[in-house]
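Colleague:
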Amino acid sequence: MLINIHTHFNQNNKQEILQSDKIENENYFSFGIVNKTYPDDPAFPLFLDQVYAHKNCLAIGEIGIDKNSTINLNEQIQTFKKQIFDSEKHQLPVILHCVKGWNEILHVKKEINPNQPWVFHGFRKTNLLNSVIDSGTFISIGTAVIWDEKLQEYVKKIPLERLFLETDNDTNYKILDVYEKIASIKNISLQTLEDQLYFNTINTFKKWEIG
Ligand SMILES: [Zn+2]
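This note's numbering puts the first residue of the sequence shown at 590, with every later residue one more than the last.
(1) Ligand 1 heavy atoms versus the CB of Gln608: any closer than 7 Å?
(2) Answer yes if the segment 644 to 664 comes into contact with the segment 719 to 727, meaning at least three C-beta pairs across the two stretches below 8 Å, and no otherwise.
(3) Let's see if you can read the secondary structure: which residues bound the alpha helix (DSSP H) around Tyr768?
(4) Once the 5 residues before and after Thr715 are set aside, which same chain residues still bring their CB inside 8 Å of it?
(5) For Ala648, I'd like the list of residues in its chain whose CB is within less than 7 Å of its CB, leaving aside the five on either flank, ordered along the chain.
(6) Would you mind giving the Cβ-Cβ distance between Ile666 and Glu693, rounded to the nearest angstrom? I have them listed as a contact below 8 Å.
(7) May I ask you to report which of helix, strand or coil DSSP gives Leu754?
(8) With a threshold of 7 Å (Cβ to nearest heavy atom), would His696 be considered close to ligand 1?
(9) Sorry if obvious, but does the Cβ on Glu651 come closer than 7 Å to a heavy atom of ligand 1?
(10) Looking at Gln672: is its Cβ nearer than 8 Å to the Cβ of Ile622?
(11) Assign Asp757 to one of two classes, buried (16 or more other C-beta atoms within 10 Å of its C-beta) or exposed (fewer than that).
(12) Span of the alpha helix (DSSP H) holding Ile622?
(13) Give the C-beta separation of Asp766 and Ile735 to the nearest angstrom, bearing in mind that I take them to be a contact with Cβ-Cβ under 8 Å.
(14) Rounded to whole angstroms, what's the CA-CA distance from His597 to Asp610? Just pull it up for me.
(15) Please determine, among Gly711, Ile774, Trp707, Lys745, the residue with the shortest C-alpha to C-alpha distance to Ser532.
(16) Taking 8 Å as the threshold (beta carbon to beta carbon), is Glu700 in contact with chain D?
(17) What first and last residue would you give for the alpha helix (DSSP H) that runs through Val744?
(18) Regarding His643 and ligand 1, is the C-beta to nearest heavy atom distance less than 7 Å?
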């Protein structure tokens, strides 16, 4: 099974986690607030409880820090922390969006010391690799690995048991392209990679149905 842990486009039911802003009754999905103001509506926390309790809601995300955003940094940190508390409360893993914000994210991780797994999605910042690995965070690699030679070198250092793959919002490649590239870099068979990532998925995204 080719599992895509983060995509903005619905391609295969139940083999991917769709980034969505509503409850998905047919697809696994993640829901989160990033690059936006946290809604002031007093009914919003009730809505969130419903979303997170849904059987198909597998993760809170993408959430995090984005220094290219127009939202001020303190507000972003507060929004991020609220959702980390929700992740702990609802026992849902986190899909991290990080643009130049790893220090802030790491600070929140040290402060809250969460039990839920965190997955750094669309990882490309090779200079952060050791810090991300040391923090216990999973790493999700996207389609950039197909052409980014520096990232290809660093992928060799990512332990298979800490790895996920995704296509995010790229329509030029399929998840199979990412799997094939990684299998070739790691010098393992496609089946071995599929088996390991399936194991990672069911152990991290606990609401994923074992099939
Ligand atoms: Zn995304």
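Ideal Cβ placement from N, Cα and C applies to all residues, glycine included.
Modeller: Inspection of the coordinates gives the following:
(1) yes
(2) no
(3) 764 to 775
(4) Lys739, Leu740, Glu742, Tyr743
(5) Ile606, Ser619, Leu681, Pro682, Val683, Ile684, Phe794
(6) 6 Å
(7) strand
(8) no
(9) yes
(10) yes
(11) buried
(12) It is not in any alpha helix (DSSP H) - Ile622 carries neither H nor E in the DSSP assignment.
(13) 6 Å
(14) 10 Å
(15) Residue 532 is absent from the structure shown; the chain starts at 590 and stops at 800.
(16) The displayed structure is made up of one protein chain only, and chain D is not part of it.
(17) 738 to 744
(18) no
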